[in-house]
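Participant:
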Amino acid sequence: IRAVREMIRCDAHHPSVIAWCLANEPHSHEEAAVPYFEKVFAAAREEDATRPMMLVMCRFPDEKCHHLCDIIGLNAYPGWYGGGAPLAGTADYIGAFLDKVRAITGKPIFMTEFGADAMAGLHSLPSSLWTEDYQADLLRELLAVLGGKDYVIGELIWAFADFHTAQNHFRAHGNRKGVFTRDGQPKMAAHL
16 IRAVREMIRC DAHHPSVIAW CLANEPHSHE EAAVPYFEKV FAAAREEDAT
66 RPMMLVMCRF PDEKCHHLCD IIGLNAYPGW YGGGAPLAGT ADYIGAFLDK
116 VRAITGKPIF MTEFGADAMA GLHSLPSSLW TEDYQADLLR ELLAVLGGKD
166 YVIGELIWAF ADFHTAQNHF RAHGNRKGVF TRDGQPKMAA HL
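Under my numbering, think of the first position of the sequence shown as 16, with each following residue one higher.
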């Protein structure tokens, strides 16, 4: 609550703040999250009753706190985690998933993360995982679906540029979901 109050007091007069996001991928699918976030949302609304409030969630249909939100922030990676080449079915999947989230919540959706990793300079035809071609093809598919849903009020491709992360088995020398490399060079997706 203190952190939320400080954030709002610090940035309340910033012209680019359109909503307050109170958490990113919290454990809001757990019952214990409901009383916790009820207090956090109440404190945020005391500080600023003029802007919408949101959580960024990634565990639908099990989310328990969406009723507190004015906007549903949604992180989803169809076609990447648990998916992959070929892209057949990805557009249908994300379309049905978005419709389901909308039916559950009845609220506008802001797609706050989506995308795929791509190693700069790696290409293949047909497109395959980790290539710039696949990243651009996937983003093209997803953006077409998002643009066709009137309840989707915004989208943010994850991420602007590649960045370093800790080593693990599904990262190739960092997070490569950027549409730019770490040194600012564009990938195919940046042109898209």
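For each residue, glycine too, the CB sits at the ideal point set by N, CA and C.
Which residues share a DSSP beta bridge with residue 201?
Facilitator: 195
Participant: Would you mind giving the Cβ-Cβ distance between residue 91 and residue 119, rounded to the nearest angstrom? I have them listed as a contact below 8 Å.
Facilitator: So it is not a contact: roughly 14 Å between Cβ atoms.
Participant: Please classify residue 81: is it buried, with 16 or more other beta-carbons within 10 angstroms of its beta-carbon, or exposed?
Facilitator: buried
Participant: With residue 162 as the anchor, note down where its beta strand (DSSP E) starts and where it stops.
Facilitator: Residue 162 -> not in any beta strand (DSSP E); alpha helix (DSSP H) instead, spanning 147–162.
Participant: With a threshold of 7 Å, establish whether the CB of residue 149 neighbours any heavy atom of the ligand MN.
Facilitator: Ligands in the displayed structure: none, and consequently the ligand MN is not present.
Participant: From the DSSP output, in three-state form, read off residue 169 for me.
Facilitator: Strand at residue 169.
Participant: Using a Cβ-Cβ cutoff of less than 8 Å, which residues in the same chain neighbour residue 60 once the five nearest sequence positions on both sides are dropped?
Facilitator: Cβ neighbours of residue 60 beyond the five flanking positions: 68.
Participant: With distances taken Cα to Cα, identify the nearest neighbour of residue 79 among 48, 161, 178.
Facilitator: Nearest option by C-alpha distance: 48.
Participant: Near residue 205, what residues of its chain come up, given a Cβ to Cβ distance below 8 Å and the 5 sequence neighbours on each side ignored?
Facilitator: 194, 195
Participant: For residue 33, I'd like the list of residues in its chain whose CB is within less than 8 Å of its CB, leaving aside the five on either flank, ordered along the chain.
Facilitator: 66, 67
Participant: If you draw a straight line from the C-alpha of residue 117 to the C-alpha of residue 45, how long is it?
Facilitator: 20 Å
Participant: When you compare only the Cα positions, how much space is there between residue 30 and residue 199?
Facilitator: Straight through space, the alpha carbons of residue 199 and residue 30 are spaced by roughly 27 Å.
Participant: Put residue 34 into one of helix, strand or coil per three-state DSSP.
Facilitator: Residue 34 carries a coil assignment under DSSP once its states are collapsed to helix, strand and coil.
Participant: Between residue 152 and the rest of its own chain, which residues show a CB-CB distance below 8 Å, the 5 nearest in sequence each way excluded?
Facilitator: 102, 142
Participant: Return the chain-ordered list of same chain residues with a C-beta closer than 6 Å to the C-beta of residue 83, the five sequence neighbours on each side being excluded.
Facilitator: 52, 56
Participant: Looking at the unbroken alpha helix (DSSP H) that takes in residue 125, where does it start and where does it end?
Facilitator: Here residue 125 belongs to no alpha helix (DSSP H); instead the beta strand (DSSP E) covers 124–128.
Participant: Would you call the CB atoms of residue 148 and residue 161 closer than 8 Å?
Facilitator: no
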